[in-house]
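As you go down the protein sequences, you meet chains A and Z in turn. Using the numbering used here, read the first sequence as starting at 1357 and increasing by one per residue. Using the numbering used here, read the second sequence as starting at 14 and increasing by one per residue. Yeah, the Cβ is synthetic: ideal placement off N, Cα and C, and Gly gets one too.
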Amino acid sequence: MKYAYYPGCSLLGSATEYARSSEATLRALSVELEEIEDWVCCGATAAHATSHLLSLALPAISCSAAEKKRLDVLTCCTACYSRLKQANHEIANDPALRSQVNQIIEEDYQGNVRVLHIAEVLSNELGLDTVRGCVSRPLEGLKIACYYGCLMARLPDHLRVDRAEYPMMLDDLMRAAGAEVIDWPYKTECCGAGLTLARQKTVVRLSGDIIQIAKESGAEALAVACPLCQANLDMYQSNVEVQTGRSLGIPVLYFTQLLGLALGATPAELGLEKLIVDPLPLLAEKGLVSGGVYL
Amino acid sequence: MKWELADKALHSDFLRTVEELSEQNLSSCYQCGKCSGGCPISAELDLSPNRLLRMVQLGLEDEVLGSETVWCCAACGTCTGRCPMNIDLGRVMDVLRGLALRRQVAPPPTAAPVLTFYRSFLDAVRRFGRLTEVGLMGSYNMNSGRVFTNMDKAPWFLIKRKISFSPHKISRIDRLERVFRRIEEIEGT
């Protein structure tokens, strides 16, 4: 299996551990990646909030490069996934718009690629049985709340691959990795996302609610699939602790860090040291990493 | 809050324009309020989503385009996902923001930082093709005048090496500049 890889900007910056752990996970499962040459930023919310054409043109440039290689696109960031998938769908289904976008981007893109999220590749293309079969270090006894955020689960009906209000894709993968997933009500509540700089108080309130509900529901760690969710939940946890006077200490891991660990990757390969709320004490307590990694 | 319904507003083409651009039938909204019930930030805003939609129906263009809600919407899509009439309100919000820009309606001061953030974001994409978060934070802080935004988090970014200082410039940056220019010409922004 081989895919055109669209890392996205966050995976080169604040979320290099998402990139590293995704690559390690896919390597362990023999999925090949070929990075899209000269890919450009998807524009995220900033593009679709201000210009419809720009929100189509930016993804089309990268998807067009993948189409030339006749490969489907794999991406890890849920914002990139949402933008690429929706733009691709609009371009593929509207010939007039397609020709306008092609004139703008100087390409002849037909909209023939599929845009897949890494979780979708693992659970639907590769299959949960295959993933389960490769697990060498089951995450036994680890209680995880899977947090999907907005962008992964809440695509329009015709593009969605999971349930909108109570998705299970990450839960199924974490279960395949041997973890205990908890049933909780805030799987798809918004963390405040891109308002992180412009309206920080909002983000601290929303992220705080999510972490507190996860803890009250019995979670020891959160598994996430979005760089912005990870940053908000991890970075602002100390603000929430100060505001509420309650200690939280819930590590917020990318689901690929947990899956990679179950597949035998080392903490260094997974970038566990990059998380602000340190996951190592919890993972050591469960016997999933050796004490040595503290040094 | 009170709004005056002038005859001019009721007979304006605002509703039709928003319906056409968003490809949504906004007249089908019957004010169930599910959009506002699910909206993560409606309690903080001047207009809840259902109220905003009603005002679009009534042609209150200036009040809608100049609202906090149009800019502070987090684009989470909950309203779209839960609308019983299948109105894609998220798309409507995109259209309203586009109209506000084209008709040069400035966001209220409380919402201005959001537009500054989007502009800083797209400027960085235009210049490099890819975004560096440290560059974005720097230019946002300068452009918004809120110079110390997130500075308390800076030590974490350094200790955890969460930032990359070198801009990731794509090779076909000249083509990207032409893309931005063509879109500006078409959209008149």
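For residue i, return the contacting residues in chain Z, with the cut-off set at a CB-CB distance below 9 Å.
i, result
"R1426(A)", "In chain order: nothing, as chain Z lies at least about 21 Å away."
"G1399(A)", "F134, L135, V138"
Looking only at its own chain, which residues have a Cβ that is under 6 Å from the Cβ of residue i, when we skip the five neighbours before and after it?
i, result
"R1470(A)", "D1428"
"L1651(A)", "In this prediction, L1651(A) scores a pLDDT of 38, lower than 50, which makes its location untrustworthy; the coordinate-derived value is nonetheless stated afterwards. Closer than 6 Å at the Cβ level, and outside the excluded window around L1651(A), lies no residue."
"F193(Z)", "R139"
"V1560(A)", "Y1592, N1595"
"D1539(A)", "none"
"P1365(A)", "Looking at the sequence itself, residue 1365(A) is Cys, so the reference to Pro does not match. Excluding residues within five positions, the ones whose Cβ falls inside 6 Å are C1397."
"R195(Z)", "none"
"T1612(A)", "S1377, S1378, T1381"
"E1476(A)", "V1517"
"E1373(A)", "G1627, K1630"
"I1569(A)", "Y1542"
"I186(Z)", "G142"
"I1500(A)", "M1530, A1535, V1537, A1577, A1579"
"K1358(A)", "E1388"
"A125(Z)", "none"
Kindly list, in the order they appear in chain A, the residues whose Cβ is closer than 7 Å to that of residue i.
i, result
"G50(Z)", "Chain A residues near G50(Z): none, gap ~13 Å exceeds 7 Å."
"M130(Z)", "Correcting the residue type first, residue 130(Z) is Phe in the shown sequence and not Met. Ordered by position in chain A, the residues that pass the 7 Å Cβ test against F130(Z) are L1553, A1554."
"S40(Z)", "None at all; the shortest Cβ gap to chain A is about 21 Å."
"V192(Z)", "A1413, I1460, I1461"
"G111(Z)", "T1406, S1407, H1408"
"E200(Z)", "S1407, L1409"
"E57(Z)", "T1558"
"L60(Z)", "Residues of chain A passing the Cβ test: none, with the nearest at roughly 16 Å."
When DSSP builds the beta bridges, which residues end up paired with residue i?
i, result
"L1430(A)", "Y1361(A), L1472(A)"
"K1499(A)", "E1536(A)"
"E1388(A)", "K1358(A)"
"V1579(A)", "In the sequence on display, residue 1579(A) carries Ala and not Val. C1502(A), L1609(A), per the DSSP bridge assignment."
List, in chain order, every chain A residue whose beta-carbon is nearer than 8 Å to that of residue i.
i, result
"K47(Z)", "What K47(Z) touches in chain A: nothing, since even the nearest Cβ is about 12 Å away."
"P126(Z)", "L1553, A1554, R1555"
"M150(Z)", "L1553"
In chain order, what residues of the same chain lie with their CB nearer than 7 Å to the CB of residue i, ignoring the 5 residues before and after it?
i, result
"E76(Z)", "W16, M68"
"D1464(A)", "N1458"
"L23(Z)", "L71, G72"
"Y1361(A)", "L1389, E1390, E1391, I1392, L1430"
"G51(Z)", "T91, C92, R95"
"C89(Z)", "P53"
"V1649(A)", "The pLDDT assigned to V1649(A) is 49, lower than 50, so where the model puts this residue is not dependable, and the model offers no usable value."
"L28(Z)", "L39, V69, Q70, G72"
"L1414(A)", "V1396, C1397, C1398, G1399, A1403"
"L149(Z)", "S133, F134, A137"
"C1490(A)", "A1384, L1385, L1619"
"V1633(A)", "D1590, Q1593, G1605, I1606, P1607, V1608"
"K1571(A)", "L1604, I1606"
Near residue i, which residues of its chain fall below 8 Å by C-beta distance, leaving aside the five closest residues on each side in sequence?
i, result
"M1524(A)", "D1518"
"A1400(A)", "A1435, C1436, R1439, G1550"
"S1603(A)", "E1597"
"M14(Z)", "D59"
"L1453(A)", "L1412, E1446, I1447"
Below 9 Å on C-beta distance, what does residue i contact in chain A?
i, result
"C85(Z)", "L1551, A1554, R1555, T1558"
"I196(Z)", "S1407, L1409, L1410, A1413, I1460"
"L102(Z)", "Those within 9 Å of L102(Z) in chain A number zero; the least Cβ separation is about 12 Å."
"Y153(Z)", "L1553, A1554"
"L65(Z)", "Within chain A, no residue comes near L65(Z); the closest Cβ sits about 15 Å away, beyond 9 Å."
Going along chain Z, which residues have a C-beta under 7 Å from residue i?
i, result
"E1545(A)", "P53"
"A1520(A)", "G94"
In chain Z, what lies closer than 8 Å to residue i by C-beta?
i, result
"H1404(A)", "A88, D107"
"R1510(A)", "C89, G90, T91, T93, G94"
"V1396(A)", "V138, G142, R143, I183, L189"
Are there any heavy atoms of the ligand GDP lying less than 7 Å away from the beta-carbon of residue i, as far as the coordinates show?
i, result
"Q1593(A)", "With respect to the ligand GDP, the structure offers nothing, as it holds no ligand at all."
| task | Could you tell me whether the segment 140-154 of chain Z touches the segment 99-112 of chain Z, using the rule of 3 or more Cβ pairs below 8 Å? | result | No, the segment 140-154 of chain Z does not touch the segment 99-112 of chain Z.
| said: Check whether the segment 1476-1491 of chain A and the segment 58-69 of chain Z touch, using three or more Cβ-Cβ pairs below 8 Å as the test. | reply: Because the criterion of three Cβ pairs below 8 Å is not met, the segment 1476-1491 of chain A and the segment 58-69 of chain Z do not touch.
| message | Count Cβ pairs between the segment 1378-1389 of chain A and the segment 1407-1416 of chain A that sit closer than 8 Å; are there 3 or more? | response | With a cut-off of 8 Å, the segment 1407-1416 of chain A and the segment 1378-1389 of chain A do not count as touching, because too few Cβ pairs lie within range.
| message | Pairs of beta-carbons, one from the segment 1530-1548 of chain A and one from the segment 1491-1510 of chain A, closer than 8 Å: are there three or more? | response | Between the segment 1530-1548 of chain A and the segment 1491-1510 of chain A, the count of C-beta pairs closer than 8 Å reaches three or more; the two stretches touch.
| message | Between the segment 142-154 of chain Z and the segment 1568-1579 of chain A, can you find at least three pairs of beta-carbon atoms closer than 8 Å? | response | The segment 1568-1579 of chain A makes no contact with the segment 142-154 of chain Z, as fewer than three CB pairs between them are under 8 Å.
| query | What are the uninterrupted segments assigned as alpha helix (DSSP H) that are 4 or more residues long and contained completely in the segment 20-104 of chain Z, given in chain order? | reply | If we require 4 residues or more, the alpha helix (DSSP H) runs fully inside the segment 20-104 of chain Z come out as 20-23, 27-35, 47-51, 62-70, 74-78, 81-85, 91-95.
| said: Quick check for students: name the residue ranges of the alpha helix (DSSP H) that lie wholly in the segment 106-190 of chain Z, counting only runs of 4 or more. | reply: DSSP runs (the alpha helix (DSSP H)) wholly in the segment 106-190 of chain Z: 125-141, 146-157, 167-172.
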